[in-house]
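S.K.: First residue of the sequence shown? That's 10 in our numbering, and the numbers climb one at a time after it. Glycine residues also receive a C-beta, built at the ideal position from the N, C-alpha and C atoms.
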Amino acid sequence: MPTTGDVYPLDRDQVPTHWYSVGADLPFEIPAPQPPPRPEGAADGPRNLRPQLPLSLYRQGTGTQRYVEIPEAVRREYQRWRPTPLYRATQLERELETPAHIYFKFEGTSPSGSHKINTALPQAYYYSRSGVTELVTGTGAGQWGSALAMASHPYGMDTTVFMVRSSYEQKPYRGTLMRLYGARVVKSPSDLTEVGRAALRENPDHPGSLGIANAEAIEYASTRPAARFSVGSGESHVLLHQTVIGEEALLQMGVAGEFPDVVIGAMGAGSNFAGITFPFYREGLTEDSRLRFVAVEPEACPKMTRGRYLLDYTDFSGVTPRSKMYTLGHKFAAYPIHAGGLRYHGAAPIVSAMYDNKLIEAVAYAQTRVFEAGRTFAKAEGIIPAPESAHAIARAIDEAVEARRQRRKSVILFSLSGHGLLDLGAYDQFLAGDMIDSRPSDEEIQDSIASVL
Ligand SMILES: Cc1ncc(COP(=O)(O)O)c(C=O)c1O
Numbered sequence: 010m011p012t013t014g015d016v017y018p019l020d021r022d023q024v025p026t027h028w029y030s031v032g033a034d035l036p037f038e039i040p041a042p043q044p045p046p047r048p049e050g051a052a053d054g055p056r057n058l059r060p061q062l063p064l065s066l067y068r069q070g071t072g073t074q075r076y077v078e079i080p081e082a083v084r085r086e087y088q089r090w091r092p093t094p095l096y097r098a099t100q101l102e103r104e105l106e107t108p109a110h111i112y113f114k115f116e117g118t119s120p121s122g123s124h125k126i127n128t129a130l131p132q133a134y135y136y137s138r139s140g141v142t143e144l145v146t147g148t149g150a151g152q153w154g155s156a157l158a159m160a161s162h163p164y165g166m167d168t169t170v171f172m173v174r175s176s177y178e179q180k181p182y183r184g185t186l187m188r189l190y191g192a193r194v195v196k197s198p199s200d201l202t203e204v205g206r207a208a209l210r211e212n213p214d215h216p217g218s219l220g221i222a223n224a225e226a227i228e229y230a231s232t233r234p235a236a237r238f239s240v241g242s243g244e245s246h247v248l249l250h251q252t253v254i255g256e257e258a259l260l261q262m263g264v265a266g267e268f269p270d271v272v273i274g275a276m277g278a279g280s281n282f283a284g285i286t287f288p289f290y291r292e293g294l295t296e297d298s299r300l301r302f303v304a305v306e307p308e309a310c311p312k313m314t315r316g317r318y319l320l321d322y323t324d325f326s327g328v329t330p331r332s333k334m335y336t337l338g339h340k341f342a343a344y345p346i347h348a349g350g351l352r353y354h355g356a357a358p359i360v361s362a363m364y365d366n367k368l369i370e371a372v373a374y375a376q377t378r379v380f381e382a383g384r385t386f387a388k389a390e391g392i393i394p395a396p397e398s399a400h401a402i403a404r405a406i407d408e409a410v411e412a413r414r415q416r417r418k419s420v421i422l423f424s425l426s427g428h429g430l431l432d433l434g435a436y437d438q439f440l441a442g443d444m445i446d447s448r449p450s451d452e453e454i455q456d457s458i459a460s461v462l
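Structure (structure tokens):
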């Protein structure tokens with residue numbers, strides 16, 4: 010039976026007391042979001058948009074404070090399973106015959122199975138304090154929907170989750186989990202909203218996308234007075250909440266007596282990547298720092314490596330403010346890969362600005378390559394990674410192999426953002442040799458981006 014290597018636990022009282030806002034340490038401003046253009050012919054005057062965010066979350070996303078205190082009630086909830094463990098993947102190192110030291114921070118120990126609960130909890134807390142009784146959202150692979158469903162329950166709030174159809178069909182037990190937590194789960198595109206009906210008219214077999222699921226959630230929430238749309242990634246307050254991952258990992262690397270040369274995270278809209286990297290960015294702000302950060306995306310949805318840095322909408326129907334971000338265009342429909350959480354068309358504005366300023370790197374991997382890395386890791390370390398997280402593993406393996414080639418020691422840290430126990434159907438397909446890779450053509454990407462220009 011394979012076992013994981015050294016583990017670096019922390020005490021409960023070492024759960025962070027503050028979230029970290031990287032904006033305070035960036036040498037440039039993050040471009041502010043722009044309100045959507047007024048439809049042609051529409052009269053001047055206030056727009057018919059009600060504020061979506063409680064003021065506290067809005068301030069967290071726009072403030073310039075370096076640290077934001079975590080409410081005690083939220084910290085107590087975090088302490089039910091945090092600090093999450095940091096492991097050294099000693100068996101994987103042995104198998105790769107690498108001089109590199111490979112560490113991973115395992116967020117799959119949370120009750121909902123991934124890092125997403127780190128922001129679901131504070132969001133449920135702030136929304137319920139502002140009088141909201143129902144949270145509505147879109148989810149890709151279901152990790153975010155599961156987290157929000159679980160977090161809403163203690164506050165007596167209902168949850169409605171629009172789940173991307175391709176994932177809904179690939180991962181039926183994600184739906185079960187959300188329903189167990191009390192959520193209503195709707196396959197997206199659905200006939201509950203105009204956005205969904207339009208997508209179905211265009212293609213009755215539409216696989217869905219996170220952009221459409223979010224657009225459905227926004228439309229649905231707008232018809233219910235005490236409901237609000239809650240979002241699981243991309244927004245600055247979400248990235249802020251996830252920094253508990255990196256803050257803990259910093260302490261744990263200290264216990265291990267090492268500091269990473271490279272920190273790696275899978276990249277959906279960027280909250281997991283931000284969570285593991287931002288505190289290390291702060292600590293690595295020295296002249297002679299060799300520290301690198303690598304965001305890993307799927308070849309099927311290459312917003313950073315092949316997208317453009319433009320103002321774009323975060324949702325399919327274009328009702329959200331436009332943000333400057335690396336994007337493939339908000340109508341981009343990625344091939345339905347199993348890492349549904351990475352099928353999002355854009356990268357968070359903060360992560361995009363850091364990429365544009367060359368503070369971070371981005372790479373893209375093909376699906377079969379990612380599953381191969383997931384299998385290698387599972388055999389060596391005994392933990393089955395979520396397909397999203399396996400993107401970070403693929404990169405960590407490449408970094409370790411490169412260290413072997415160059416005969417140099419390298420310290421690698423990655424976020425194992427979730428477990429893959431509800432993704433076994435995808436692993437089955439991989440083991441049967443039935444998995445295919447998909448890479449959008451340059452033309453497809455250009456056409457999709459042209460619709461934004
Ligand atoms: C396990 C896991 N890791 C990583 C991600 C990437 O998302 P984000 O970049 O939004 O954190 C997701 C998204 O659903 C996920 O489920």
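Any heavy atom of ligand 1 closer than 6 angstroms to the beta-carbon of residue 280?
M.R.: Yes, ligand 1 has a heavy atom inside 6 angstroms of this Cβ.
S.K.: Can you find a heavy atom of ligand 1 that lies under 6 angstroms from the Cβ of residue 427?
M.R.: Yes; taking the cut-off as 6 angstroms, the Cβ of residue 427 has a heavy atom of ligand 1 nearer than that.
S.K.: Since residue 171 and residue 129 are thought to touch, with beta carbons under 8 angstroms apart, how far apart are those beta carbons, to the nearest angstrom?
M.R.: Actually they do not touch by this definition, with Cβ atoms about 16 angstroms apart.
S.K.: Opposite residue 258 in the DSSP bridges: which residues?
M.R.: According to DSSP, residue 258 bridges with nothing at all.
S.K.: For residue 149, which of helix, strand or coil comes out of DSSP?
M.R.: Coil.
S.K.: Closest by CA to residue 126, which one among 88, 96, 37?
M.R.: Measuring from the Cα of residue 126, the nearest candidate turns out to be 88.
S.K.: Would a C-beta distance cut-off of 7 angstroms place residue 122 and residue 316 closer than the cut-off?
M.R.: No. Outside cutoff.
S.K.: Report whether the distance from the Cβ of residue 350 to the nearest heavy atom of ligand 1 is below 6 angstroms.
M.R.: Checking the Cβ of residue 350 against ligand 1 gives yes.
S.K.: For residue 326, which of 220, 403, 246, 389 has the nearest alpha-carbon?
M.R.: It is 220.
S.K.: Pop quiz: residue 281 and residue 124 are said to be a contact at Cβ under 8 angstroms. What is the actual Cβ separation, rounded to whole angstroms?
M.R.: About 5 angstroms; that satisfies the 8 angstroms criterion.
S.K.: Decide if residue 9 is buried, meaning its Cβ has at least 16 other Cβ atoms within 10 Å, or exposed.
M.R.: For residue 9 there is no data in the structure shown, the boundaries of the chain being 10 and 462.
S.K.: DSSP on residue 88, reduced to helix/strand/coil?
M.R.: Note: residue 88 maps to coil in three-state DSSP.
S.K.: Taking only the alpha-carbon atoms, compute the straight-line gap between residue 34 and residue 291 and give it to the nearest angstrom.
M.R.: Near 7 angstroms, if we compare the C-alpha coordinates of residue 291 and residue 34.
S.K.: The alpha helix (DSSP H) that contains residue 204, what's its start and end?
M.R.: From DSSP, the alpha helix (DSSP H) with residue 204 extends over 203-211.
S.K.: So if DSSP puts residue 421 in a beta bridge, which residue, or which two residues, is it bridged to?
M.R.: Bridge partners of residue 421: 111, 271.
S.K.: With a threshold of 6 angstroms (Cβ to nearest heavy atom), would residue 277 be considered close to ligand 1?
M.R.: The answer is yes for residue 277.
S.K.: So, for residue 118: in the same chain, excluding its five sequence neighbours on each side, which residues have a beta-carbon less than 7 angstroms away from its beta-carbon?
M.R.: 90, 93, 94, listed in sequence order.
S.K.: Does the beta-carbon of residue 361, which I'm using as the reference point, lie nearer than 6 angstroms to any heavy atom of ligand 1?
M.R.: Result no, Cβ not under 6 angstroms from ligand 1.
S.K.: Just the C-alpha distance for residue 43 and residue 333, rounded to the nearest angstrom, thanks.
M.R.: If I take the Cα positions, the gap works out to 9 angstroms.
S.K.: Could you give the residue range of the beta strand (DSSP E) that holds residue 197?
M.R.: Per DSSP, residue 197 belongs to the beta strand (DSSP E) from 193-197.
S.K.: With H, G and I counted as helix, E and B as strand and the rest as coil, what does DSSP make of residue 181?
M.R.: Three-state result, residue 181: helix.
S.K.: Is DSSP giving residue 343 helix, strand or coil here?
M.R.: Reduced to three states, the DSSP call for residue 343 is coil.
S.K.: Measuring only the C-alpha atoms, how far is residue 215 from residue 208?
M.R.: Distance between the alpha carbons of residue 215 and residue 208: 7 angstroms.
S.K.: Please report the Cβ distance between residue 167 and residue 227, rounded to the nearest whole angstrom; I am assuming they are in contact, meaning their Cβ atoms lie under 8 angstroms.
M.R.: Rounded, the Cβ-Cβ distance is 17 angstroms, inconsistent with contact.
S.K.: Can you tell me where the alpha helix (DSSP H) holding residue 379 begins and where it ends?
M.R.: Start and end: 376-390.
S.K.: For a test of the three-state rule: what should DSSP assign to residue 244, helix, strand or coil?
M.R.: Residue state, collapsed to three classes: coil.
S.K.: Are there any heavy atoms of ligand 1 lying less than 6 angstroms away from the beta-carbon of residue 397, as far as the coordinates show?
M.R.: Result yes, Cβ under 6 angstroms from ligand 1.
S.K.: Tell me which residue opens and which closes the beta strand (DSSP E) that residue 2 is part of.
M.R.: Any property of residue 2 remains undetermined from this structure, which presents the chain solely from 10 to 462.
S.K.: Taking Cβ to Cβ, would you say residue 164 is nearer than 7 angstroms to residue 133?
M.R.: For residue 164 and residue 133, yes; Cβs fall inside 7 angstroms.
S.K.: Report all residues from its chain with a CB closer than 6 angstroms to the CB of residue 379; omit the five preceding and five following residues, and keep chain order.
M.R.: Cβ within range, chain order: 399, 400, 403.
S.K.: My understanding is that residue 174 touches residue 147, with C-beta atoms under 8 angstroms, so please give their C-beta distance in whole angstroms.
M.R.: Not quite, the Cβ-Cβ distance comes to about 11 angstroms (not below 8 angstroms), so this is no contact.
S.K.: What are the boundary residues of the alpha helix (DSSP H) that residue 470 is part of?
M.R.: The structure shown has nothing for residue 470, since the chain only spans 10 to 462.
S.K.: Which residue wins for smallest C-alpha separation from residue 367, given the options 41, 251, 318?
M.R.: Of 41, 251, 318, the residue nearest in Cα terms is 318.
S.K.: Would you check if the segment 97-110 and the segment 407-424 touch, i.e. whether three or more CB-CB distances between them fall below 8 angstroms?
M.R.: As far as the Cβ criterion goes, the segment 407-424 touches the segment 97-110, which means the pair count is three or higher.
S.K.: Could you tell me if the beta carbon of residue 123 falls within a distance shorter than 6 angstroms of some heavy atom in ligand 1?
M.R.: Yes, the beta carbon of residue 123 sits closer than 6 angstroms to at least one heavy atom of ligand 1.
S.K.: Using a Cβ-Cβ cutoff of less than 6 angstroms, which residues in the same chain neighbour residue 300 once the five nearest sequence positions on both sides are dropped?
M.R.: Here the set comprises 293.
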